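Input: a single structure, listed below in structure tokens.
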Amino acid sequence: MKENVIVASRLCRQFEIDDVIVEAVKNLELTVQEGEFISIYGPSGAGKTTLLNLMGALDKPTSGKIVIFDHDLGKYDENFLATFRLAYIGFVFQSYNLISTLTASENIAFVVELAGWSRERIKDRSETLLNLVGLEHRANHFPAQLSGGERQRVAFARALANDPPLLLVDEPTGNLDTETGLEIVNILKKIKEEGKTVIVATHDEKLLKLASRSLCLKDGRLINR
Ligand SMILES: Nc1ncnc2c1ncn2[C@@H]1O[C@H](COP(=O)(O)OP(=O)(O)OP(=O)(O)O)[C@@H](O)[C@H]1O
Ligand SMILES: [Mg+2]
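Mapping of the sequence shown onto the numbering used here: position 73 corresponds to residue 673, and the numbering continues sequentially without gaps.
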């Protein structure tokens, strides 16, 4: 039987600013199994990024529960969660979040340095991943010297560096033209074929088609269309 990767029950994340409460994720019930490729779509402000942050152990629920690979994330401190993320989660952010003072290959390498890899193995891994995303000729470029699509591809390579079983991707083609977006779709296709569990927040029809299941989020709730 396939393992459950994500189990969310009555999951809520509220934000409170100046006495105004925003229920960004509300009473969400969800189970995701190993190897699923799930897309999450819905209007701006629906809670997609908030939900991905909860799944990626970057944020904690205000109530309810989210269990990832049998870890109830609300129960752990930040130290444990940092180690947990390194081992289990790859995150591709809506705004790339590359480290501006590191080159493309250093942005990838630094993840596996944290994981304690040897220098030789790190070099191999970084080359393999730059190859996968078609950027071997940009290894020594800094983020500011890369195009938006190239930065996005480095962000994918970095997210995959430690071979995490769960990959979370936030609007990967949102800021890209159609052709560059297609390169990202192709990278995600390859990742899907490897059998990783993937969750992608997207409006992109091509990515929605790639998904084995699509979830619609509106006002923090999952709705059936
Ligand atoms: N750190 C925060 N503090 C306060 N409110 C927040 C915070 N993060 C998100 N929100 C609110 O929660 C709601 C959901 O935001 P979220 O970023 O998850 O939406 P989204 O579906 O990812 O939107 P988009 O498609 O524009 O990226 C919004 O109303 C937003 O204003
Ligand atoms: Mg978002």
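Each residue gets a CB set at the ideal place from its N, CA and C atoms; glycine is no exception.
As the structure is a prediction and not an experimental result, all values here were calculated from the model.
query	result
What's the call for D589, buried or exposed, on a 16-neighbour Cβ count within 10 Å?	The requested residue 589 is not part of the displayed model; the chain covers only 601 to 825.
Roughly how many angstroms separate the alpha carbons of F693 and S700, rounded to a whole number?	15 Å
Just reading off the beta strand (DSSP E) that G749 is part of, what are its end residues?	That residue, G749, is in no beta strand (DSSP E); its alpha helix (DSSP H) goes G748 to L760.
Got a sec, what are the start and stop residues for the alpha helix (DSSP H) G781 sits in?	T778 to E793
Would you mind sorting D804 into buried or exposed? The rule is 16 or more other CB atoms within 10 Å of its CB.	buried
Any contact of the region 796-811 with the region 769-781, i.e. 3+ C-beta pairs under 8 Å?	yes
Just checking my contact of F615 with S812 at CB under 8 Å: how many whole Å lie between their CB atoms?	The pair is not a contact, with the Cβ atoms about 31 Å apart (cut-off 8 Å).
List the endpoints of the continuous beta strand (DSSP E) containing Y641.	F637 to Y641
Going by Cα to Cα distance, which pick from N697, T662 and E634 is closest to D670?	E634
Is A608 near ligand 1, judged by its Cβ being under 6 Å from some heavy atom?	no
Restricting to runs no shorter than 4 residues, where is the alpha helix (DSSP H) found entirely within the region 676-759?	678-688, 704-714 and 719-732
Given a threshold of 16 other Cβ atoms within 10 Å of its Cβ, counted over all protein chains shown, does I799 qualify as buried or as exposed?	buried
Quick one, which of N604, S644, D672 and I621 has its alpha-carbon nearest L611's?	D672
Given a threshold of 16 other Cβ atoms within 10 Å of its Cβ, counted over all protein chains shown, does L714 qualify as buried or as exposed?	exposed
How do the region 724-735 and the region 752-769 stand: do at least 3 beta-carbon pairs fall below 8 Å, yes or no?	yes
Would you kindly check if the distance between the Cβ of K665 and the Cβ of G820 is under 7 Å?	no
At what residues does the alpha helix (DSSP H) containing K806 begin and finish?	E805 to L810
Give me, in chain order, the residues of the same chain whose beta-carbon lies closer than 8 Å to that of N786; leave out the 5 immediate sequence neighbours on both sides.	none
Is the separation between the beta-carbon of L652 and that of D763 shorter than 7 Å?	no
Using DSSP with H/G/I as helix, E/B as strand and the rest coil, what is L611?	strand
At the level of alpha carbons, what is the spacing between W717 and D619?	47 Å
Checking the sheet assignment: what are the DSSP bridge partners for V632?	I606
In chain order, what are the residues with a CB under 7 Å from some non-hydrogen atom of ligand 2?	K648, T649, Q694, D770, E771 and A801
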